[in-house]
Amino acid sequence: PRARIAVDAAYTTAPVPRRLFGSFVEHMGRCVYTGIFEPDHPRADADGLRSDVLDLVREVGPTVVRYPGGNFVSGYDWEDGVGPLDARPRRIDRAWRTVETNAFGLDEFARWADKAGTEMMYAVNLGTRGLQEACDLLEYANHPGGTLFSDLRSAHGRQDPYNIQLWCLGNEMDGPWQTGHKTAHEYARLAGETARAMRQIDPTIELVACGSSSRSMPTFGEWERIVLEETYEDVQLISAHAYYEESETTPLADFLASAVDMDLFIDSVAATADAVGAKLKSRKKIGISFDEWNVWNQTAWHSSERARGLIAWDVAPRIIEDEYTVQDAVVVGTLLNSLLRHGDRVLVGCQAQLVNVIGLLRSEPGGAAWKQTIALPFEQVRRRSLGGHVLDVRTSSDRYETGRYGDVDLVDASAVVHHDDGGGLARLTLFLANRSLEESADVAVSLGGFADLSVGDALVLAAADGQDRYTSNREAAPDAVRLRPLAAAGGTVAVEASERGAQTARI
Ligand code: AHR
């Protein structure tokens with residue numbers, strides 16, 4: 002396929018949001034237990050945290066991590082996870098049909114986040130609980146001292162407040178599967194009054210109201226309208242969640258176009274939020290927190306015995322430990338492109354989840370830890386975007402027909418520019434994906450306003466012959482999937498100048 006892309010140094014849309022490259026740790030399966038936390042592991046540190054996993058987390062570098070759920074949070078009592086270990090109860094987790102030991106809770110998560118060098122984002126339970134418990138938790142977490150819950154925190158050994166800045170008002174409350182699922186009006190009331198009460202305690206916090214669990218929810222659109230009409234001045238963000246898979250009804254060609262759905266999702270939520278803002282005559286803009294997104298083989302999950310409630314209650318079982326391929330990594334790259342393209346509106350993004358459960362990373366109990374293929378684009382796009390500005394990218398690409406999304410661009414793009422200390426242009430980075438199953442892509446990028454560009458590095462995601470993923474036996478195929486120099490993969494990149502001084506990159 003051929004594509005022409007135009008960028009101009011003067012046309013940036015926003016600074017790249019620092020929180021766009023977040024992830025998610027839920028008390029689910031082995032994300033926490035034997036994922037980030039395993040006191041008996043040979044590489045566990047003094048806090049029981051897996052230092053081998055922490056090393057990988059620091060490399061991949063999620064900038065913010067949402068916790069503790071997910072569906073889990075809608076039945077969770079935060080008090081169970083604080084204070085002396087021997088007094089913490091074992092409880093039923095209805096969401097995943099597991100037993101929660103509560104050996105890991107807020108303080109352990111805060112220690113982990115500190116070592117991982119990431120920001121905490123905390124979800125309150127608006128499924129089985131409400132305003133009062135959310136306020137108690139906020140008081141415990143952020144109040145300096147001298148009150149019941151802040152003093153309890155000190156008694157538990159933590160003097161300084163955790164100062165959690167970013168809070169989710171529940172999780173996926175539009176979903177019938179959610180414990181305490183609500184109608185839009187019921188949730189809007191609860192979210193609004195909880196937001197107002199929480200901000201009475203700490204007016205500096207930022208709050209995320211629940212949006213839709215996917216764009217295909219029957220209430221999508223109406224849900225956002227009703228929730229925002231009630232909460233507009235009291236929240237900063239509304240959430241969006243989306244998972245994509247290759248399946249019988251979504252062949253590979255359609256799966257590769259998943260970012261088309263994400264684009265439309267974001268544009269629709271932004272339009273709905275702006276319509277509410279117009280009606281309320283508000284000057285405020287609501288941001289989007291895309292706080293769960295990934296590739297997930299949901300078809301397999303829904304037919305599993307656990308999803309159908311046919312399994313005994315157990316501690317930290319293997320749940321949805323999807324093994325990702327190079328194709329999945331390409332889709333994740335395009336989803337990152339979509340988030341970046343919307344960097345003026347999507348201010349938080351959380352890939353779901355961090356370890357084992359549809360994980361960027363995998364770890365075995367007592368054994369090794371490794372990165373999955375999808376960690377490659379995540380790490381690269383994060384490293385190469387932060388500190389830059391999102392460029393307005395105009396793409397004119399050959400297209401192909403999909404059953405699910407109609408006519409779709411074969412080449413998908415986003416771009417970021419970094420300035421040097423003096424305000425000059427230091428670096429242009431293009432993130433490109435080719436959705437063609439047969440051909441390599443021929444891309445011409447016209448570069449307006451960039452003086453004297455030369456090619457830095459050009460990398461391409463590549464799989465070794467006959468291998469498309471990493472398995473637990475990583476030693477057997479250490480380079481199964483990796484980023485190779487474009488030249489080594491038979492590609493070229495060059496910058497050409499025309500007589501009038503304009504430059505074009507040919508890839
Ligand atoms: O990430 C797995 C689950 O997907 C989360 O618990 C839930 O919020 C979503 O449906």
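The opening position of the sequence shown corresponds to residue 2 in the UniProt record's numbering, with each subsequent residue numbered one higher.
Backbone N, C-alpha and C fix where the C-beta goes; we use that ideal spot for every residue, glycine too.
Is it buried or exposed for residue i, if we count other Cβ within 10 angstroms and need 16 for buried?
i: residue 237; result: buried
i: residue 164; result: exposed
i: residue 376; result: buried
i: residue 588; result: This structure cannot settle anything about residue 588, because the visible part of the chain is limited to 2 through 508.
i: residue 410; result: buried
i: residue 272; result: exposed
i: residue 158; result: exposed
i: residue 183; result: buried
i: residue 439; result: exposed
i: residue 65; result: buried
i: residue 133; result: exposed
i: residue 506; result: buried
i: residue 43; result: exposed
i: residue 253; result: exposed
i: residue 305; result: exposed
i: residue 427; result: exposed
i: residue 69; result: buried
i: residue 67; result: buried
i: residue 204; result: exposed
i: residue 1; result: The question about residue 1 has no answer, for the chain in this structure spans 2 to 508.
Between the C-alpha atoms of residue i and residue j, what's the straight-line distance to the nearest angstrom?
i: residue 258; j: residue 245; result: 10 Å
i: residue 415; j: residue 131; result: 41 Å
i: residue 52; j: residue 357; result: 16 Å
i: residue 212; j: residue 373; result: 29 Å
i: residue 395; j: residue 186; result: 40 Å
i: residue 202; j: residue 148; result: 12 Å
i: residue 125; j: residue 229; result: 18 Å
i: residue 287; j: residue 231; result: 13 Å
i: residue 367; j: residue 189; result: 45 Å
i: residue 123; j: residue 101; result: 18 Å
i: residue 90; j: residue 303; result: 30 Å
i: residue 444; j: residue 487; result: 13 Å
i: residue 220; j: residue 227; result: 10 Å
i: residue 430; j: residue 78; result: 45 Å
i: residue 336; j: residue 378; result: 10 Å
i: residue 1; j: residue 311; result: Residue coverage of the chain in this structure runs from 2 to 508, which leaves residue 1 outside it and unanswerable.
i: residue 345; j: residue 290; result: 12 Å
i: residue 99; j: residue 453; result: 59 Å
i: residue 308; j: residue 216; result: 22 Å
i: residue 370; j: residue 472; result: 10 Å
i: residue 508; j: residue 497; result: 11 Å
i: residue 318; j: residue 105; result: 16 Å
i: residue 233; j: residue 139; result: 21 Å
i: residue 402; j: residue 143; result: 52 Å
i: residue 40; j: residue 468; result: 34 Å
i: residue 48; j: residue 86; result: 12 Å
i: residue 405; j: residue 282; result: 37 Å
i: residue 31; j: residue 285; result: 40 Å
If residue i sits next to residue j, beta carbons under 8 Å apart, how far is it from one beta carbon to the other, in whole angstroms?
i: residue 513; j: residue 331; result: Past the edges of the chain, shown from 2 to 508, lies residue 513, and the structure says nothing about it.
i: residue 391; j: residue 15; result: 5 Å
i: residue 214; j: residue 176; result: 5 Å
i: residue 389; j: residue 419; result: 4 Å
i: residue 2; j: residue 399; result: 4 Å
i: residue 461; j: residue 485; result: 6 Å
i: residue 297; j: residue 359; result: 5 Å
With distances taken between CB atoms, is the gap from residue i to residue j smaller than 8 Å?
i: residue 350; j: residue 294; result: yes
i: residue 118; j: residue 95; result: no
i: residue 146; j: residue 107; result: no
i: residue 7; j: residue 447; result: yes
i: residue 103; j: residue 112; result: no
i: residue 179; j: residue 338; result: no
i: residue 325; j: residue 470; result: yes
i: residue 59; j: residue 387; result: no
i: residue 22; j: residue 353; result: no
i: residue 490; j: residue 464; result: no
i: residue 348; j: residue 355; result: no
i: residue 263; j: residue 243; result: yes
i: residue 442; j: residue 412; result: yes
i: residue 137; j: residue 150; result: yes
i: residue 128; j: residue 181; result: yes
i: residue 10; j: residue 450; result: yes
i: residue 57; j: residue 116; result: no
i: residue 198; j: residue 210; result: no
i: residue 239; j: residue 274; result: yes
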